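Taking it in order: structure first as structure tokens, then the write-up.
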Amino acid sequence: MTAQHHQSVMFDESIEGLNIKNNGIYIDATFGRGGHTLGILNKLNNNGKVIAFDQDISAVNYAKENFNDGRLEVVHSAFTHMGEVLNERSLSGKIDGILMDLGVSSPQLDNAQRGFSFNTDGPLDMRMDQTRGISAAQWLSQADETEIANVIYEFGEEKKSRHIASAIKRYQQDRPIDTTLQLANIIASVVKTKKNKHPATRSFQAIRIFINQELKQLSEVLEQTLQLLAPEGRLCVISFHSIEDRIVKQFIQRHSRQKQLPKGLPIMNSGIEPTLFKNLGKQFSSQAEISNNKRSRSAILRIAERTTLVVEKC
Ligand SMILES: C[S@@+](CC[C@H](N)C(=O)[O-])C[C@H]1O[C@@H](n2cnc3c(N)ncnc32)[C@H](O)[C@@H]1O
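The opening residue of the sequence shown carries number 56 in the working numbering; numbering runs sequentially from there.
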């Protein structure tokens, strides 16, 4: 396996979940190394199209070097700009499927210079888009103890968050925290976990989610999918931890509940939100995939289909 390799998670299930029409327009919101994009392209004829997003320039460069396909457009942007990008192309309401495979890719994790890994030493960066925002090291130097504890608790569900934040601030009285191993060792000095789980797992996840504003971005893009999907267009989201999955689950449930209209009252005047999605449920990775790719262990794929009802602004 090369440093550029990413093994796509729940590949068959998500491609099937998209229910691909061979002349359709599909969005891969998280290009990575393009495994899912390739799966979609392979199902399209010459009239089909994929627009892919990635906020990491190295993913976009990889696409330029390795994908020579006129049906693919790759956009270097956070997926929260999906609505704008598709509006500019007059594609709002015409999208047949949107796939999101959340989190970081293996090349991001495996490159110590990106600062995502607690196993290898590198600068404590953790930004998926290194052209904007602040690094984890900068944030840790300017945030106070309570803010750090809250982030680690909220996004990592780490019970020892207060002890960790206090250890971080104690350490910073002598010197700054610049590298991943410095941070991992500080956390390991106050957290004890089971043998096969590194004590810094939850805290690194939490800081990464915070630095990249991952949950906020997810909530924002989900709302945009309502306007972007064509009738019967599919939404497929693969998430890797419970907080993320809860956001996806609640979004789909909120828009797929059957609403009871008072008899004879047209929906436009009812004040009741129409049902915009059919909930097609969730799936997990197979045992075979889990034994072949550990990362797929925690994956949950949720699928929903846009209803045929067109929402008009009243
Ligand atoms: C798990 S990988 C996707 C792997 C891909 N499905 C494949 O098969 O190669 C997630 C990718 O999404 C990108 N990403 C994560 N959040 C993003 C966001 N909010 N906007 C755009 N790209 C994002 C990351 O930079 C990373 O390259």
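Virtual Cβ for every residue (Gly too), placed ideally from N, Cα, C.
Since the structure is predicted, the reported quantities are computational estimates derived from the model, not experimental observations.
Delimiting residues of the alpha helix (DSSP H) encompassing residue i
i, result
"Ala204", "200-211"
"Asn174", "Unbroken run through Asn174: none, as it is neither H nor E."
"Asn347", "342-347"
"Arg225", "216-227"
"Lys119", "112-121"
As assigned by DSSP and simplified to three states, the class of residue i
i, result
"Ser294", "strand"
"Gly188", "coil"
"Met155", "strand"
"Ile70", "helix"
"Lys104", "strand"
"Ile242", "helix"
"Val276", "helix"
Residue i CB to nearest heavy atom of ligand 1 below 8 Å
i, result
"Asp300", "no"
"Phe339", "no"
"Ala133", "yes"
"Arg289", "no"
"Arg357", "no"
"Glu408", "Here the chain has residues from 56 to 369 only, and residue 408 is not among them."
"Ala191", "no"
"Thr92", "yes"
"Thr85", "yes"
"His61", "yes"
"Arg88", "yes"
"Gln110", "yes"
Sequence-distant residues of the same chain with beta carbon closer than 6 Å to residue i, five excluded per side
i, result
"Cys291", "Ser69, Gly72, Leu73, Leu154, Ile358"
"Thr175", "Ala167"
"Ala191", "Leu179, Met181, Ile262, Ile266"
"Ile355", "Ser294, Asp300, Lys337"
"Ser161", "His61"
"Ser132", "Phe108"
Beta-carbon proximity list for residue i, same chain, < 7 Å, skipping 5 on both sides
i, result
"Lys224", "Glu200"
"Leu127", "Thr92, Leu96, Val105, Ala107"
"Trp194", "Ile266"
"Ala239", "Phe173, Ala255"
"Glu287", "Glu360, Arg361, Thr363"
Residue i, enclosing beta strand (DSSP E) - first and last residue
i, result
"Asn334", "332-339"
"His10", "In the structure as shown, the chain begins at 56 and stops at 369. Residue 10 is therefore absent and cannot be evaluated."
Residue i CB to nearest heavy atom of ligand 3 below 8 Å
i, result
"Asp124", "Questions concerning ligand 3 fall outside what the structure shown contains, since the ligands it does hold are ligand 1."
8 Å contact criterion, which residue i and residue j should meet: CB distance rounded
i, j, result
"Glu344", "Ser351", "5 Å"
"Ile298", "Phe171", "Not confirmed; about 18 Å, so no contact."
"Ile241", "Ala220", "About 10 Å; that fails the 8 Å criterion."
"Ala285", "Ile150", "6 Å"
Sequence-distant residues of the same chain with beta carbon closer than 8 Å to residue i, five excluded per side
i, result
"Ile307", "Leu290, Phe332, Asn334, Arg357, Ala359"
"Asn100", "Asn77, Asn78"
Cutoff 9 Å: residue i Cβ touching any chain B Cβ
i, result
"Leu141", "Going by chain labels, chain B is absent from the structure shown, which holds only one protein chain."
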